[in-house]
Amino acid sequence: MSETMPILYVPAPMLRARARLVEATDDVRALSEKMLATMYAAPGIGLAAPQVGEALRLVVLDVSAKDAPPNPVILLNPEVVAVSEDLATREEGCLSLPGMYADVARPHVVRVRYQGLDGSKQEIEGEGLLAACLQHEIDHLNGVLFIDYLSPLKRNMFLRKLAKDLKRERDQ
Ligand code: NI
Numbered sequence: 004m005s006e007t008m009p010i011l012y013v014p015a016p017m018l019r020a021r022a023r024l025v026e027a028t029d030d031v032r033a034l035s036e037k038m039l040a041t042m043y044a045a046p047g048i049g050l051a052a053p054q055v056g057e058a059l060r061l062v063v064l065d066v067s068a069k070d071a072p073p074n075p076v077i078l079l080n081p082e083v084v085a086v087s088e089d090l091a092t093r094e095e096g097c098l099s100l101p102g103m104y105a106d107v108a109r110p111h112v113v114r115v116r117y118q119g120l121d122g123s124k125q126e127i128e129g130e131g132l133l134a135a136c137l138q139h140e141i142d143h144l145n146g147v148l149f150i151d152y153l154s155p156l157k158r159n160m161f162l163r164k165l166a167k168d169l170k171r172e173r174d175q
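Just remember that this note's numbering sits 3 ahead of the position in the sequence shown, which is counted from 1.
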C-alpha cells in the first residue's frame, strides 16, 4: 500500500485554482498511487490532485460497492464531452469539506474523455453515482466545489460551520 497524503480543506486557495494539464510520467503514476491510497484511507470515492496540493488535472475514483472488489479509475486531463438532458439529484460530500453533505442536481449521464496512465486516449460513460462523481471531481480541476451549487445562504452556513469545526479540532 502506498503512503497517504494530507488532504486540504476549504478555504485552502489551491482548491479554487485552475489545475494544469498533466502528462503520463512516472511522477504522475506515483502521485496517482498515493492519491488512491489517500482516497481509500479517508475513506472516499473520488479525489482530485488539487485536494492533495497538486495543481494538476488528475483524478482518481472508485464507486464500486463496499462489498465488491476494488475498481480504481485514474483519469488524466478528464473532460466532459457530453451530458444527458435529464438531471439527477443526489447527496454529495467532499473530503475537503469534512462532515458537510447536501443535495446537488447534475446531468444523470455524462461522457468523459481522458488519458490513461499510459497516455492513451480513453472514454468513460457514467450514470448515477459514477456520473455525479466524475462531474464533482472534474469540477475540482476548475476550482469548483459542490457547495457552489447551493444557495448563498446555505453555502455560508456550511463555511461557517466548517471553520468552527476545524478551529475546534486545532484547539484540542
Ligand atoms: Ni470533492
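Idealized CB from N, CA, C, for every residue including glycine. In this text, all values refer to a predicted model and were calculated from it rather than measured experimentally.
What's the call for residue i, buried or exposed, on a 16-neighbour Cβ count within 10 Å?
i: Y104; result: exposed
i: R109; result: buried
i: E130; result: exposed
i: P81; result: buried
i: A166; result: exposed
i: P53; result: buried
i: S154; result: exposed
i: L64; result: buried
i: Q138; result: buried
i: G122; result: exposed
For residue i, report the span of its beta strand (DSSP E) as first-last.
i: K124; result: 124-130
i: E172; result: No beta strand (DSSP E) contains E172, which is instead part of the alpha helix (DSSP H) from 155-174.
i: I77; result: 76-86
i: D106; result: 105-110
i: T92; result: 90-95
Please say whether residue j and residue i have beta carbons closer to each other than 8 Å?
i: V147; j: V115; result: no
i: L133; j: P75; result: no
i: A113; j: Y152; result: A quick correction: the sequence has Val, not Ala, at residue 113. Against a cut-off of 8 Å, the Cβ pair of Y152 and V113 comes out as no contact.
i: G96; j: D168; result: no
i: L144; j: Q118; result: no
When the Cα atoms are used, what is the spatial distance from residue i to residue j?
i: G49; j: L61; result: 11 Å
i: R173; j: T92; result: 34 Å
i: I127; j: E6; result: 28 Å
i: V25; j: L18; result: 17 Å
i: V55; j: D89; result: 33 Å
i: K124; j: A27; result: 11 Å
i: N159; j: V13; result: 12 Å
i: D70; j: M42; result: 17 Å
i: K157; j: A22; result: 27 Å
i: A20; j: P72; result: 34 Å
i: D142; j: K164; result: 23 Å
Could you tell me whether any Cβ in chain B is nearer than 8 Å to the Cβ of residue i?
i: K37; result: Given the protein chain composition of this structure (a single chain), no chain B is represented.
For the alpha helix (DSSP H) holding residue i, just list the boundary residues, first then last.
i: Y43; result: 29-44
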